[in-house]
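Worksheet for the structure shown next.
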Amino acid sequence: MKDSPNILVIAIDSLRADHLGCYGYQRPTSPAMDGLARQGARAQQFVCAGLPTHPSFTTLYTGQHPITHGIVAHGPRNVLGRDAPSLPQILMDEGYTTCALDNLATGRIWFRRGFEFYIDPSMRHTVYIDVACEELNARAIPWLKSHGDERFFMMVHYWDPHWPFKPPERYQHLFYDGNPTDPDNHSLDAWWKHPLGAVARDTWMRTRDGLITDAAYISALYDREIRHVDDGVGELLAALDDCGLAENTLVLLFGDHGESLVEHGIFFDHHGLYETTLRVPFMARWPNRIPAGSTLSPMMQHHDVAPTLLEAVGALVPPEMDGRSVLPLLTGQARDGGRKQAISCECTWQAKWSLRTDEHKLILARAPDLYGNPERELYDLKADPDEHRNLVTEAGGLAAELEAALEGWIAERLAAQGRADDPLRAHGTSLNLA
Ligand SMILES: [Zn+2]
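Take a look at the structure:
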């Protein structure tokens, strides 16, 4: 334990990979995160295991896939079992001082399990997701200064790229010079006709001139929020430097899930198991241990984070955790590893499973699609990375093979827990817009 590093986890809500410079985006949204990636390792294929936020963070802390920990959705029917493994609790037992800058425990008590310090500046807001990175940093940085001589695990949950996209005034000049309410722009017509669009009609999706009509403007707002949180990340990392802590701190940064903008007819929030919501950034910096500037291609998922951190601090990984450590990949000790298949689920707005390989993705619905998308989809991720061409009929053999693998995995995991019901069928969706 003597040489174990401090751990700083930066989890950014609704941050998709492909809107960051280090993942090839053209806009300068992410200079600080790009810098962090250059100083460490970056995963090309980090795949969310369960969206939205509650399933994803529960997966992070338990090291378990949602099918195991059972938190597959937001909603009152979900309660995490007392015997579920807890990364913060284990680190605390290993002698770490644990601190979360977060607010998920306001709704679900298990999100503060194992945290000696649980700091929630969103208490000052009516809407908890309105808390800005500056407010979190204003609490996180003094905490680092006063606890930096203890071995610490800090988790900071930034919300800025989560809707509503309301970046501060100083970002308003970025990424857009058109007319957000141009009456001749029809890129959001389908959205405004959708039942969910009606919900948003009187909220943030309007300017003084009326309803927003240009989808590109919403995308620019999202990018401004990424730049906003990136400045927050830069400030936090600079504070780590100033405190002399950067050298012995393992920093992980990732998104909990991505965001749908207009792809696949999905706009607003994060629905659908497409790459827009599943593929999130993941980067890790640990000076002298993780080679700078490395890029990792194997697939990884959120339940791999806890085992990775436990290996990094020399703690045992509980057998109840489904994830596996990717530390050897991060440090360059291993080239092979990662996942041959990544299985994901969503179950708040829609109830779907997906199975992703390096080449293909199968998506399977357990309830009607909220946007009228097909209930079985197959995509060739190499030839068609934007997932426009559903091959489920054309490549029926492959679709059947992947579907059998997915159903087999679900059945096997349920049988191992002595359960019969698919939790996505049991839970259904929270919305009934019919
Ligand atoms: Zn989230």
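Going by my numbering, the sequence shown wraps up at 435, each residue one higher than the last.
Using N, Cα and C, we set each Cβ at its ideal position, and we do this for glycine too.
Per-residue burial, residue i [other beta carbons within 10 Å of its own, 16 or more giving buried]
i      : result
Leu317 : exposed
Ile110 : exposed
Asn433 : Below a pLDDT of 50, predicted positions are generally treated as unreliable, and Asn433, at 42, falls in that range; no measurement from the model is reported.
Gly245 : exposed
Lys353 : buried
Ser298 : exposed
Met300 : buried
Lys362 : buried
Ala1   : The shown model of the chain, from 2 to 435, leaves out residue 1, and the question about it has no answer.
Arg367 : buried
Glu378 : buried
His304 : buried
Val48  : buried
Pro53  : buried
His66  : buried
Trp192 : buried
Val10  : buried
Gln418 : exposed
Met124 : exposed
Asn289 : exposed
Ala6   : Note that residue 6 is Pro in the sequence shown, not Ala. Counting Cβ neighbours within 10 Å, Pro6 comes out buried, since at least 16 surround it.
C-beta neighbour in chain B for residue i, strict 9 Å
i    : result
Leu9 : Of the chains in the structure shown, none is chain B; there is only one protein chain.
Limits of the beta strand (DSSP E) - the one that residue i falls within
i      : result
Leu102 : Thr98 to Leu102
Ala366 : His361 to Ala366
Ala133 : Neither: Ala133 is in no beta strand (DSSP E) and is coded neither H nor E.
Ala12  : Asn7 to Ile13
Leu379 : Arg377 to Asp381
Glu388 : Premise fails: Glu388 is in no beta strand (DSSP E) and is neither H nor E.
Tyr119 : Phe118 to Ile120
Contact belief for residue i with residue j at Cβ below 8 Å, rounded distance in angstroms
i      : j      : result
Glu226 : Phe166 : 5 Å
Tyr62  : Ser87  : 6 Å
His272 : Trp350 : 5 Å
Phe58  : Thr99  : Going by Cβ atoms, the distance from Phe58 to Thr99 rounds to 15 Å, so no, they are not a contact pair.
Val157 : Leu102 : 4 Å
Pro162 : Arg140 : Contact doesn't hold; Cβ gap of about 20 Å is too wide.
Residue range of the alpha helix (DSSP H) that includes residue i
i      : result
Ser31  : Careful: Ser31 lies outside any alpha helix (DSSP H) and carries neither H nor E.
Trp192 : Asp190 to Lys194
His428 : Pro424 to His428
Ile411 : Gly397 to Ala417
Glu312 : Val306 to Ala313
Leu356 : Counting along the chain, Leu356 falls outside any alpha helix (DSSP H), though it belongs to the beta strand (DSSP E) covering Ala352 to Arg357.
Thr332 : Leu328 to Thr332
- 4 or more residues per run - each alpha helix (DSSP H) lying fully within the region 234 to 296: 276 to 279
- Query: What are the uninterrupted segments assigned as beta strand (DSSP E) that are 3 or more residues long and contained completely in the region 43 to 116, given in chain order?
  - Reply: 98 to 102
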